[in-house]
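Enquirer: Could you have a look at this structure, given as structure tokens, before my questions?
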Amino acid sequence: THQWRGIIEEYRDRLPVTDTTPVVTLREGGTPLVPAQVLSERTGCDVHLKVEGANPTGSFKDRGMTMAITRAKEEGAKAVICASTGNTSASAAAYAVRAGMVSAVLVPQGKIALGKMGQALVHGAKILQVDGNFDDCLTLARALSENYPVALVNSVNPVRIEGQKTASFEIVDMLGDAPDIHVLPVGNAGNITAYWKGYTEYANDGMATRRPRMWGFQASGSAPIVRGEVVKDPSTIATAIRIGNPASWQYALAARDESGGFIDEVTDREILRAYRLLAAQEGVFVEPASAASVAGLLKAAEQGKVDPGQTIVCTVTGNGLKDPDWAVAGAPQPVTVPVDAAAAAVRLGLV
Ligand code: F0G
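Take 6 as the starting number for the sequence shown in the UniProt record's numbering and just add one per residue.
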């Protein structure tokens, strides 16, 4: 019996590890690439969802975190720190447990989803809520890692990008080549940087005949890359990507330009529409930020930017259970029935 061994073992020759590196893993990666029937019909393309919410802590961050915590352990670190809108902190906290390390996380006060806070708490992270936004948290985390004995595991740590690039390998391994277009939500811009690196390495080594165009989408209230300037007070219901000054900004521009792609914005309304469509019509429950990729694809299709017949992959970055408030909000309250099959059948419209 074989199970997926985690991204470091599966792609060992493409990652910065040696035979003696102490691998810290929860067997992340190997996530489903799910054909999206309704999105394919709407666009006339062959659309797939890379379901990253299926990772051990429920988001793509685990790919980078297995690398970051592994390398921190190899270097003898006893403690790690990160700034986070929630998912990075959940992942760092879990992998730190596996490594026997202390984790410290800095989150923007009141702006992280309850599920993510619960994960950091139950994994025993030391949590500080910062009176500021994510960008302030990252500034603080960098300062602490420079002046105190604690390793920074945000995506400004280059080994995080190395781990996250493996998602591109999995997609090419599954499809037999790179897609024509790859669509991602963009926050701190580490992931779009990582995917582009992965596709580029595979193409350079002859594992793919081409590289996709990279399409990134920010939330309208938090769209510094689209605007071309830092957003001082970012806002969006998609708290995971509520970021006004992305650390990997320049790399995201490079991915966009080298691939012939673009980075655009989607409104919170468009995000929620895509969020509901994914759940109600594709059977895939994601968190709001993840729906930004699909919202972007639908927007581009409505603008006539999507030629039919192409292969398209949308990464949906995090699990819907992280932030269920938006699933419950606005939905009708279920009715209560007695223990009576006839009454239940009437309520269910079966008779
Ligand atoms: N989707 C989700 C669910 C995320 O949590 C993030 C980032 C992104 C998309 C954007 O990815 O930053 O690489 O462009 N979350 C970080 C965090 C900031 O702290 O969990 P990115």
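Even glycine gets a Cβ: it sits at the ideal position worked out from N, Cα and C.
Would residue 119 be called buried (16 or more neighbouring beta carbons within 10 Å of its own) or exposed?
Expert: The residue you call residue 119 lines up with position 114 of the sequence shown. With fewer than 16 other Cβ atoms within 10 Å, it is exposed.
Enquirer: Label residue 354 either buried or exposed according to how many other C-beta atoms from any shown protein chain fall within 10 Å of its C-beta, with 16 as the threshold for buried.
Expert: Reading the sequence shown from its first residue, position 349 is the one you call residue 354. Exposure of residue 354 is indicated by the presence of fewer than 16 other C-beta atoms within 10 angstroms of its C-beta.
Enquirer: Identify which residue in 262, 13, 160 and 153 has its Cα closest to the Cα of residue 143.
Expert: As a working note, residue 143 is residue 138 in the sequence shown. Closest option to residue 143, judged by alpha-carbon separation, among 262, 13, 160 and 153: 160.
Enquirer: Tell me, which residues are paired with residue 85 by DSSP?
Expert: The sequence position of residue 85 within the sequence shown is 80, counting from 1. In the DSSP output, where bridge partners are listed per residue, residue 85 has 108 and 156.
Enquirer: Considering only heavy atoms of ligand 1, does any lie closer than 8 Å to the CB of residue 91?
Expert: Here the question's residue 91 lines up with position 86 in the sequence shown. Residue 91 Cβ: within cutoff of ligand 1.
Enquirer: Compare the beta carbon distance of residue 3 and residue 191 with 9 Å and say whether it is the shorter of the two.
Expert: Absent from the model: residue 3. The displayed extent of the chain is 6 to 356, so no value can be given.
Enquirer: With 16 as the cutoff for other CB atoms within 10 Å, does residue 42 come out buried or exposed?
Expert: In the sequence shown, residue 42 corresponds to position 37, counting from 1. With a 10 Å radius around the Cβ and a threshold of 16 neighbouring Cβ atoms, residue 42 comes out exposed.
Enquirer: So, using beta-carbon positions, are residue 222 and residue 300 closer together than 9 Å?
Expert: Position 217 of the sequence shown holds residue 222. Position 295 of the sequence shown holds residue 300. Cβ distance < 9 Å, so residue 222 and residue 300 count as in contact.
Enquirer: So does residue 73 have its beta carbon nearer than 8 Å to some heavy atom of ligand 1?
Expert: Taking the sequence shown and counting its residues from 1, the one referred to as residue 73 is at position 68. Not so, every heavy atom of ligand 1 lies at least 8 Å from the Cβ.
Enquirer: Compute every distance between the C-beta of residue 6 and the non-hydrogen atoms of ligand 3, then say whether any falls below 8 Å.
Expert: As for ligand 3, it is missing from this structure, which binds only ligand 1.
Enquirer: Do you know offhand how far residue 26's Cα is from residue 105's?
Expert: Position 21 of the sequence shown holds residue 26. Position 100 of the sequence shown holds residue 105. Computed Cα separation, rounded: 16 Å.
Enquirer: Of the choices 356, 32, 220 and 48, whose alpha-carbon is the least far from that of residue 187?
Expert: If you number the sequence shown from 1, residue 187 lands on position 182. With distances taken between Cα atoms, residue 187 lies closest to 220.
Enquirer: Any heavy atom of ligand 1 closer than 8 Å to the Cβ of residue 202?
Expert: As a working mapping, residue 202 is identified with position 197 in the sequence shown. No, ligand 1 has no heavy atom inside 8 Å of this Cβ.
Enquirer: Using a Cβ-Cβ cut-off of 6 Å (strictly less than) and excluding sequence neighbours within five positions of residue 72, which residues of its own chain qualify?
Expert: Position 67 of the sequence shown, counting from 1, holds the residue named residue 72. Here the set comprises 164, 167 and 168.
Enquirer: Please list the segments of the beta strand (DSSP E) lying wholly inside the region 257 to 317, counting only runs of 3 or more residues, in order along the chain.
Expert: 267 to 271
Enquirer: How long is the line joining the alpha carbons of residue 174 and residue 101, rounded to whole angstroms?
Expert: What you label residue 174 is simply residue 169 of the sequence shown in a count that begins at 1. What you label residue 101 is simply residue 96 of the sequence shown in a count that begins at 1. Answer to the nearest angstrom: the Cα atoms are 26 Å apart.
Enquirer: For residue 322, verify whether its CB is less than 8 Å away from any heavy atom of ligand 1.
Expert: On the sequence shown, residue 322 is found 317 positions in, with the first residue counted as 1. Yes, Cβ of residue 322 sits closer than 8 Å to a heavy atom of ligand 1.
Enquirer: Would you mind reading off the limits of the beta strand (DSSP E) that contains residue 39?
Expert: Counting from one through the sequence shown, the residue named residue 39 turns up at place 34. 38 to 40 is the extent of the beta strand (DSSP E) around residue 39.
Enquirer: Using the beta-carbon count (16 or more within 10 Å), is residue 340 buried or exposed?
Expert: On the sequence shown, residue 340 is found 335 positions in, with the first residue counted as 1. Exposed, since its Cβ has fewer than 16 Cβ neighbours within 10 Å.
Enquirer: What is the DSSP secondary structure of residue 355, reduced to helix, strand or coil?
Expert: On the sequence shown, position 350 is the one that residue 355 refers to. Here residue 355 sits in coil by DSSP.
Enquirer: Apart from the five residues just before and just after residue 279, which ones in its own chain have a Cβ nearer than 7 Å to its Cβ?
Expert: Position 274 of the sequence shown, counted from the start, is the residue given in the question as residue 279. Once the five neighbours on either side are set aside, the close Cβ partners of residue 279 are 296, 299, 300 and 303.
Enquirer: Does the distance from the C-beta atom of residue 64 to that of residue 288 stay below 9 Å?
Expert: For the purposes of this step, residue 64 is taken as the residue at position 59 of the sequence shown. For the purposes of this step, residue 288 is taken as the residue at position 283 of the sequence shown. Cβ distance not < 9 Å, so residue 64 and residue 288 don't count as in contact.
Enquirer: Return the chain-ordered list of same chain residues with a C-beta closer than 7 Å to the C-beta of residue 342, the five sequence neighbours on each side being excluded.
Expert: For the purposes of this step, residue 342 is taken as the residue at position 337 of the sequence shown. Hits under 7 Å: 348, 349 and 352.
Enquirer: Per DSSP, what kind of secondary structure is residue 250 in: helix, strand or coil?
Expert: One-based indexing of the sequence shown puts residue 250 at position 245. Coil at residue 250, not helix or strand.
Enquirer: Report the CB separation of residue 85 from residue 74 in whole angstroms; it is logged as a contact under 8 Å.
Expert: In the sequence shown, residue 85 corresponds to position 80, counting from 1. In the sequence shown, residue 74 corresponds to position 69, counting from 1. Indeed they touch by this definition, with Cβ atoms about 7 Å apart.
Enquirer: Suppose you measure from the CA of residue 133 to the CA of residue 253; what does that come to, to the nearest Å?
Expert: On the sequence shown, residue 133 is found 128 positions in, with the first residue counted as 1. On the sequence shown, residue 253 is found 248 positions in, with the first residue counted as 1. Cα to Cα, residue 133 sits roughly 24 Å from residue 253.
Enquirer: Determine the DSSP secondary structure at residue 319, reduced to helix, strand or coil.
Expert: Locating residue 319 in the sequence shown gives position 314, where the first residue counts as 1. Strand at residue 319.
Enquirer: Can residue 290 be considered in contact with ligand 1, in the sense that its beta carbon sits closer than 8 Å to one or more heavy atoms?
Expert: Translated into the one-based positions of the sequence shown, residue 290 becomes position 285. No, since every heavy atom of ligand 1 falls outside the 8 Å radius drawn around the Cβ of residue 290.
Enquirer: Secondary structure at residue 63, three-state DSSP: helix, strand or coil?
Expert: Looking up residue 63 in the sequence shown gives position 58. In the structure shown, residue 63 sits in coil (DSSP, three-state: anything other than H, G, I, E or B).
Enquirer: Considering Cα atoms alone, identify which of 95, 110 and 69 is closest to residue 87.
Expert: For this step, residue 87 is matched to residue 82 along the sequence shown. It is 110.
Enquirer: Among 35, 156, 292 and 281, which has the Cα closest to the Cα of residue 77?
Expert: Here residue 77 corresponds to residue number 72 of the sequence shown, with the count starting at 1. If you compare the alpha carbons of 35, 156, 292 and 281 with that of residue 77, the shortest gap goes to 156.
Enquirer: For the region 164 to 188, list the alpha helix (DSSP H) runs that are entirely contained and at least 4 residues long, ordered along the chain.
Expert: 171 to 180
Enquirer: Out of 51, 90 and 108, point me to the one whose CA is closest to residue 141's CA.
Expert: For the purposes of this step, residue 141 is taken as residue 136 along the sequence shown, with counting starting at 1. Among 51, 90 and 108, the Cα nearest to that of residue 141 belongs to 90.
Enquirer: Would residue 93 count as contacting chain D if we go by Cβ distances under 9 Å?
Expert: This model lacks chain D altogether; it includes just one protein chain.
Enquirer: DSSP three-state call for residue 11: helix, strand or coil?
Expert: As a first step, residue 11 is located in the sequence shown; it is residue number 6 there, counting from the start. The answer is coil: DSSP assigns residue 11 none of H, G, I, E or B.
Enquirer: Just tell me which of 261, 276, 259 and 204 has its CA closest to the CA of residue 244.
Expert: Along the sequence shown, read from residue 1 onward, the residue named residue 244 stands at position 239. Closest by alpha carbon: 276.
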